[in-house]
Structures are given as structure tokens and as C-alpha cells.
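A.B. asks: Can you keep this structure in mind? I'll have questions shortly.
Residue numbers (the numbering used here): 1347 to 2081.
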């Protein structure tokens, strides 16, 4: 490890339900120190003890906009950065280059430069004199998330979510600097520039501001207008401003007098309007649910539909150059449309496959990859070096959570609720059951017939729902409100909710009909994911890294340790004594046998990890643009060796003590290295713990099972090695 100097640290605190009932505020306790040193892992190479063995898919994020200049289209791709597409042959567009920038949202092309607004830095200038070799010239850090970007002259205008309008002077491309700001607490959502006026819609209010930027260092408000609802995109032509709104369509404004904007006309679309651009006397509107509208605006007061080109899949943004329109979408990353005959547009070419690999789960070596745009791709990974796609699910809307148990996949699908897929034939999954949640389903965990769902809404209403899926019609058993809700894990009678800014929320579900929040733990940074093992909770806490808590008393979780990985932790999984952490930059593995001092045992960078799943000594990752398979055998434990003696046969020893309370020791003899799985089941045949699932060296391997929080009674320990061992021992938990 290396060490870094900090002047301030946010110390995590916990709050019990009793404290909250007495009116205690759930706030972070900020303690200031003159000097404090925190451990930070130093990675000296791209990988350690981890090898990428296979990959499948090559998805483009392409969620944001597209610009066209000459024979090239430029796309702001969330995961690849700036993508360059050769469109000299519209019927056969080809990707030819890229320039890595993290999370670009917008791209504007002017002359020999492309300008990017991204999530990490803010604003960047790319030299595209040679489109085949784009090079970053300079960048300017912007505080807050940039929502939109436009360029005029030597200035870039950025709508920033947290602060409003930021103006950047890039007259020296290698050293762009902030020239001025128009600050508003409501923030900026989208904008357009016309002459010396910027028209910007506020982030949280349906208000369009007119801002005079003739003096960039001191922009000033000169007018405003209130549209019917929030604007999603806008563009200008001559003295007209064209805006599109999801539920209303297009609205045209007269901006000849910027201080007194007036409505000229409206144009309705059938679905949800997303993108808009103007070419000559025509407006091109992308409708997410319907397709591409071409509208004649030669008489702005009376826009007339010329054509509607329907698409089977959602489309996003549009750019027009000459006789062609270029559209980004969910399936084809770029679609080329011939619009020479405006009344009869025709698709003539496409390039790339768009998608966002966001969630992943597995049933042994059959892997289910959840794309956030609504599909699950099924992969046979029995040959880790050459995974093969074997099926695709029906469209099931936006995927936020995914859990696979036996013959079913449980999918949290935002406002569509919880969907259960029958995957008994993995190549042909079918929708079996739909359970409509109250808000938006984000996380899911399955224990037997019970399904735990984190259900939240954008306005801060969050809840945990417990649903019985045994009946033909799922039955709500109980619900409780929570401070937040994303991914969840269940251990014993408690449900652990990763609640982003609200930290870790622990729900007591002993009485299923009346669960309640037992405690919360406010981590230094948003908690993205949680995994429970024994008496410990492991949190993927964004750019804080890995946080470990002692939850032996679930009403009063205690801080144990923190590992600052230096990057951004988003997903987490545990197998035995090893923890697998998914980060925006790669996969990191720790030995957590000593929770107070986790030991780094392996890592692999270069591929982001949005989610991960474990299958013995292989880890499957949803890597935004692809699915990767990693061999992690060299980073895994070899188990505890009791003596130099190698057993003569595969055998599950009698667990000790028996009866037990609450700890049980389980020993398995392996005469040779083998893939060992050790699982504990209750009398209903439901898995309550997995003690081992990976490659073990020869010898006697001992594992510990903790029955804290579980009911007294009979349990079964099952040890298996494919073709070698299949034994069960009965044990009794007696409290």
C-alpha cells in the first residue's frame, strides 16, 4: 500500500431505530483533523493473478448525441469515448477511430476540433485534423455534471446540473479556461446559442432563460418563458428556437427579441420526443417510441408533417448532412437514412450494436447479461475462451436488478415492476409472471419463494417490499419505507439495502408482515452495492472504495476498516474468504479472512465492471460495452491445511460441533485439486449459505458457517465435487 495525505475526512456513523424515533438527525459526522493518513492501494501494473480468458459482444453506449462533418460522424459514447465513423459510403458506415474520454455526454464539431462534455473532467478539446488519429489537446475541469454543450466562435457554453451556465474560452485549444458563469441554484438542463444570446432551460423547473453573453465574463439575464413542461432538447434556425418535450412534441418560439420570447406554434408526436435538428425548411424529430418525423416548417406558424419513418426499436439523437440523416439508437448504434426524397425516407445503412451491459447473473456456466435498454442476452460460457450467445429474452423494459435462482430469472424493471422469466430452457426464456411494484423496482434478492425488492421513486420515496412468489399470483407479505434503495442482500432475518447517499439501511424482517428499519449507516460516499458474509457487511462505496462493517448487532453496525482503491467501486460479490470488487476501471480481489486488514490478492484493469458473478474460479463481468470472463484461480485461497497428510479419498467430515450455536466448522478432504462447492440448506431445501464455490488444492479444507439470525432447527451441509463427491450431513442449530 501507499499513503496519501488528507486534510479532512468524513467519519462514518450509525444510527439505531431508537435514536431516529427520538428525533436524531441522520447526518454524517464530519470531523476535521490537521493531518490524517489513509491507506490507498497502489497498482503497479495492469493485472495481478487474474487473466482475461474470453469476451463476447461489442456494444456501443451511444446514448448521447452525434455530430457530422465531411465524411465522418462523431459520436459521444459513454464507454468508448469519442467514436469516429467513416460515412463516405452511407450504405456501409464503418468505425475507424476512437479517443478515450470517460463518460462523454455531448459532442460538437467545429473546423478541425471536436468538443466533448464528459462526466469526469467536464470539457475537452480534440484535434480531428486527421480523423483517423484524434488527439486530446486540452481540457477544463467543470464542477458539477455537464448536461449539454454548444459552441460558438471561440467559446463553449455548458449547461451544468448543479450551477447553471458555464462559459469556456478555448481560443488556446491546449489550455481552455472558464471565462464566465451565470449561476442559478436550479442548474442547467439543455441550451442553445443564437448570436450573443444563450437560451437555457433550468434543470428542475420548466423555465427557459434568455442570457446575454455578449460579454462572456459577465453574462446577464434578459428574459424568460415558461414552457408547458421540461425541455429535452433544443436547436435554433434564423430567429426561431425549436424545442422538443417528451410528452408534448415540438414547440417553436420566436426569438427575434430575446428578451421577449413568444410561442409561434406546436407540433405533436405520437410518443416521446427525444432529438431535434433543422435542415433548410425541415425539422427532423426523433420519437423514442415511434420513429423519425420529418416536418415542413416553411410556414413556422403551421408546421406540417412530411413523413414518418417508423423504427421497431427506440431511437435517440439525429444529425443531418446533405441528403442523409444519422440516428443513434438502442440496437443499431448508428442508422443512416436517405432523406433526399423527404416524403419517402429510406434506411440505407447501419453500424454497430448499441447497448449497456449493466447486470449479470449465472447458473453455473450459463450466463445472463442484463442490458439496461431492456433485453437479457444468454451466453454459454462452458468454454471460457470462446463464450457463445444462445438466446435473448423478450423485451422487458429497463433492467436495474437481476437474480437467477433455479429455473427462474428475477428482473427488477423500474416502473414495469418485477418480472420473473422461466429460463428452464435458457435459449428460449419466456415471461412467466409480472408483479407490479408501487414505485420503481431497482434491486432484487430471492430466498426460497420470497422475493425482496427495493422499490424507489425519484422524489425520494423508497421502500422495501417482501413478496411471496409461491402462489400463481404473487402476494405482498410486507413493506416498509426506507431512506433509499438500490441493490440488496439478505442474511437471516435482516435485509441490507445499498441506499446510495443514505448509506446502508438495515431492515428487520423477522415479522414478514411488518418489516421496519432497524438501523442505518452513513458511509463517506454513496453506497452502490452490498454483500453480507457472516457477521460482516461489505460495501462498494463509490470513490471511497471498500467499507467493511461489523453487523453482529444489526441494530448498531460498527466500522471495521476501509480500503481506498483509488477508483470508483460499484459492485461486490463474495466467495469464501475472498471478495470481488467491480470498479469503473476493472476487477479487484481481496482476501477478507481478516476483516480489519483485507489483503489484495489480484486485479485486472482496462475493462470496467458494472456488475459481476462468480462460477468457481471464473468471474463473469458486465463491462458496459461487453461481457468478460476472467480466470481468478491464482488469486483464490487454497483453504486451511491441517496437516501435511493428503486424504486418500474425497470426503465430507462430520461437522463440529453438532448441535451448534451459532458457529459450525465444516471440513472436506480433497485427495487432489478440485472444484469444490459447499452449501448449507434448511429443511425446506432453500439455500441459506454458500461456504465454498471454487478451485481448491489437495488437502483438508475447513470452512465456518455462522447461524446467527437463523431459526433453530435442522440444516443440511452438502459438499460436491463434479464426478467425485456428493455428500450430505445433517446438523442441528440449537439456541
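Quick reminder that beta carbons are idealized off the backbone N, C-alpha and C, glycines included.
In this text, all values refer to a predicted model and were calculated from it rather than measured experimentally.
Compute the Euclidean distance between the alpha carbons of residue 1606 and residue 1452, then round it to the nearest angstrom.
C.D. replies: If you number the chain shown from 1, residue 1606 lands on position 260. If you number the chain shown from 1, residue 1452 lands on position 106. Going by the C-alpha atoms only, they are around 29 Å apart.
A.B. asks: Do you know offhand how far residue 1907's Cα is from residue 1843's?
C.D. replies: Within the chain shown, numbered from 1, the residue matching residue 1907 stands at position 561. Within the chain shown, numbered from 1, the residue matching residue 1843 stands at position 497. About 19 Å.
A.B. asks: Look up residue 2052 in the DSSP assignment and give the residues it is bridged to.
C.D. replies: The residue labelled residue 2052 in the question sits at position 706 within the chain shown. DSSP, once it has assigned bridges, lists 2009 as partnering residue 2052.
A.B. asks: How long is the line joining the alpha carbons of residue 1914 and residue 1649, rounded to whole angstroms?
C.D. replies: For this step, residue 1914 is matched to residue 568 along the chain shown. For this step, residue 1649 is matched to residue 303 along the chain shown. Spanning the two alpha carbons is a distance of roughly 48 Å.
A.B. asks: Tell me whether residue 1812 is buried or exposed, calling it buried when 16 or more other Cβ atoms sit within 10 Å of its Cβ.
C.D. replies: For the purposes of this step, residue 1812 is taken as the residue at position 466 of the chain shown. Buried.
A.B. asks: What do you reckon, are the CB atoms on residue 1702 and residue 1718 nearer than 9 Å?
C.D. replies: As a working mapping, residue 1702 is identified with position 356 in the chain shown. As a working mapping, residue 1718 is identified with position 372 in the chain shown. Yes, they are a contact pair.
A.B. asks: Output the distance between the C-alpha atoms of residue 1837 and residue 1532, rounded to the nearest integer angstrom.
C.D. replies: For the purposes of this step, residue 1837 is taken as the residue at position 491 of the chain shown. For the purposes of this step, residue 1532 is taken as the residue at position 186 of the chain shown. Their backbone Cα atoms lie some 41 Å apart in a straight line.
A.B. asks: If distances are taken between C-alpha atoms only, which option among 1599, 1881, 1944 comes closest to residue 1892?
C.D. replies: Sequence index remark: in the chain shown, residue 1892 carries index 546 (1-based). It is 1944.
A.B. asks: Go through the region 1500-1578 residue by residue and report every complete run of the beta strand (DSSP E) that reaches 3 residues or more, in order.
C.D. replies: The region 1500-1578 contains these whole beta strand (DSSP E) runs: 1501-1506, 1510-1515, 1523-1529, 1534-1540, 1543-1548, 1554-1558, 1566-1571.
A.B. asks: Report yes or no: do three or more beta-carbon pairs, one from the region 2055-2073 and one from the region 2014-2030, lie closer than 8 Å?
C.D. replies: Yes, they touch.
A.B. asks: Can you name the start and end residues of the beta strand (DSSP E) that residue 1717 belongs to?
C.D. replies: Here the question's residue 1717 lines up with position 371 in the chain shown. 1712-1717 is the span of the beta strand (DSSP E), which, as asked, contains residue 1717.
A.B. asks: For residue 1980, which of helix, strand or coil comes out of DSSP?
C.D. replies: Counted from its first residue, the chain shown places residue 1980 at position 634. In this structure, residue 1980 counts as helix in the three-state DSSP scheme.
A.B. asks: Taking 8 Å as the limit between beta carbons, can you name the residues of its chain near residue 2080, skipping five residues before and five after?
C.D. replies: Sequence index remark: in the chain shown, residue 2080 carries index 734 (1-based). Only 2005, 2006, 2007, 2058 meet the Cβ criterion.
A.B. asks: Judging by CA-CA distance, which residue of 1587, 1507, 1559, 1595 is the nearest neighbour of residue 1601?
C.D. replies: Along the chain shown, read from residue 1 onward, the residue named residue 1601 stands at position 255. When only C-alpha atoms are compared, the closest one is 1587.
A.B. asks: In chain order, what residues of the same chain have a beta carbon less than 6 Å from the beta carbon of residue 1808, not counting five sequence neighbours either side?
C.D. replies: Mapped onto the chain shown, residue 1808 falls at position 462. If we look at residue 1808 and ignore the five residues flanking it on each side, its Cβ neighbours are 1802, 1828, 1830, 1831.
A.B. asks: Of all the beta strand (DSSP E) runs that stay within the bounds of the region 1576-1603, which reach a length of 3 or more residues?
C.D. replies: Runs found: 1579-1583, 1586-1591, 1595-1600.
A.B. asks: Could you have a look at residue 1606 and say whether DSSP puts it in helix, strand or coil?
C.D. replies: Here residue 1606 refers to the residue found at position 260 of the chain shown. If DSSP states are grouped into helix, strand and coil, residue 1606 belongs with coil.
A.B. asks: Three or more C-beta pairs closer than 8 Å, one from the region 2007-2023 and one from the region 1924-1939: is that the case here?
C.D. replies: Taking 8 Å as the limit for Cβ pairs, the verdict is that the region 1924-1939 does not touch the region 2007-2023.
A.B. asks: Out of 1562, 1529, 1694, state which residue places its alpha-carbon closest to the alpha-carbon of residue 1498.
C.D. replies: Locating residue 1498 in the chain shown gives position 152, counting from the first residue. For the residues 1562, 1529, 1694, the minimum Cα distance to residue 1498 belongs to 1562.
A.B. asks: Residues in the same chain with beta-carbon distance under 8 Å from residue 1990, minus the five sequence neighbours each way, listed in chain order, please.
C.D. replies: What you label residue 1990 is simply residue 644 of the chain shown in a count that begins at 1. With a pLDDT of only 42 at residue 1990, under 50, the local geometry of the prediction cannot be trusted, and the value read off the model is given with reservation. Closer than 8 Å at Cβ, skipping near neighbours: no residue.
A.B. asks: Going by other Cβ atoms of all chains shown within 10 Å of its Cβ, with 16 needed for buried, is residue 1489 buried or exposed?
C.D. replies: Residue numbering aside, residue 1489 sits at position 143 when the chain shown is read from its first letter. With fewer than 16 other Cβ atoms within 10 Å, it is exposed.
A.B. asks: Taking residue 1621 as the reference, which of 1642, 1611, 1580 has the closest Cα?
C.D. replies: Stepping through the chain shown from its first residue, residue 1621 is reached at position 275. Comparing Cα positions, the closest option is 1580.
A.B. asks: Relative to the C-alpha of residue 1590, which candidate in 2032, 1584, 1614 has its C-alpha closest?
C.D. replies: Within the chain shown, the letter at position 244 stands for residue 1590. Ranking the options by Cα distance to residue 1590, first place goes to 1614.
A.B. asks: Within its chain, find whatever has a CB closer than 8 Å to the CB of residue 1635; leave out the 5 residues flanking it on each side and keep chain order.
C.D. replies: The count along the chain shown starts at 1 and reaches residue 1635 at position 289. The residues are 1616, 1617, 1618, 1660.
A.B. asks: From residue 1688 to residue 1433, what does the alpha carbon distance come to, in whole angstroms?
C.D. replies: To locate residue 1688, count along the chain shown from 1; it is residue 342. To locate residue 1433, count along the chain shown from 1; it is residue 87. So the alpha carbons of these two residues sit roughly 20 Å apart.
A.B. asks: Start and end of the beta strand (DSSP E) containing residue 1751?
C.D. replies: Indexing the chain shown from 1 puts residue 1751 at position 405. Residue 1751 -> beta strand (DSSP E) spans 1747-1751.
A.B. asks: I think residue 1873 touches residue 1885, with their Cβ atoms under 8 Å apart; what is that distance to the nearest whole Å?
C.D. replies: Taking the chain shown and counting its residues from 1, the one referred to as residue 1873 is at position 527. Taking the chain shown and counting its residues from 1, the one referred to as residue 1885 is at position 539. Right, the Cβ-Cβ distance comes to about 5 Å (below 8 Å), so this counts as a contact.
A.B. asks: Who are the near neighbours of residue 1756 in its chain, counting only those whose CB is closer than 7 Å to its CB and skipping five residues on each side?
C.D. replies: As a working note, residue 1756 is residue 410 in the chain shown. Only 1749, 1764, 1766, 1790, 1792, 1797 meet the Cβ criterion.
A.B. asks: Go ahead and pull the three-state DSSP assignment for residue 1615.
C.D. replies: Counting from 1 along the chain shown, the entry for residue 1615 is found at position 269. Reduced to three states, the DSSP call for residue 1615 is coil.
A.B. asks: From the DSSP output, which residues share a beta bridge with residue 2042?
C.D. replies: Taking the chain shown and counting its residues from 1, one reaches residue 2042 at position 696. DSSP output for residue 2042 lists 2020 as bridge partner(s).
A.B. asks: When the distance is taken between beta carbons, is residue 1975 closer than 9 Å to residue 1734?
C.D. replies: Locating residue 1734 in the chain shown gives position 388, counting from the first residue. Locating residue 1975 in the chain shown gives position 629, counting from the first residue. Not closer than 9 Å, so no.
A.B. asks: Could you compute how far the alpha carbon of residue 1511 sits from the alpha carbon of residue 1405?
C.D. replies: Here residue 1511 refers to the residue found at position 165 of the chain shown. Here residue 1405 refers to the residue found at position 59 of the chain shown. Distance between the alpha carbons of residue 1511 and residue 1405 is about 33 Å.
A.B. asks: Taking all protein chains shown into account, decide if residue 1639 is buried (16 or more other Cβ within 10 angstroms of its Cβ) or exposed.
C.D. replies: Here residue 1639 refers to the residue found at position 293 when the chain shown is read from its first residue. The residue is buried, with at least 16 neighbouring Cβ atoms inside 10 Å.
A.B. asks: Since residue 1492 and residue 1463 should fall inside the 8 Å C-beta cutoff, what is the C-beta to C-beta distance between them, to a whole number of angstroms?
C.D. replies: On the chain shown, position 146 is the one that residue 1492 refers to. On the chain shown, position 117 is the one that residue 1463 refers to. The pair is a contact, with the Cβ atoms about 4 Å apart (cut-off 8 Å).
A.B. asks: Can you grab the Cα-Cα spacing for the pair residue 1890 / residue 1954, in whole Å?
C.D. replies: For the purposes of this step, residue 1890 is taken as residue 544 along the chain shown, with counting starting at 1. For the purposes of this step, residue 1954 is taken as residue 608 along the chain shown, with counting starting at 1. Near 17 Å, if we compare the C-alpha coordinates of residue 1954 and residue 1890.
A.B. asks: With a threshold of 8 Å, establish whether the CB of residue 1859 neighbours any heavy atom of the ligand FAD.
C.D. replies: Inclusion of the ligand FAD in the displayed structure is not the case, the ligand content being empty and no account of it being possible.
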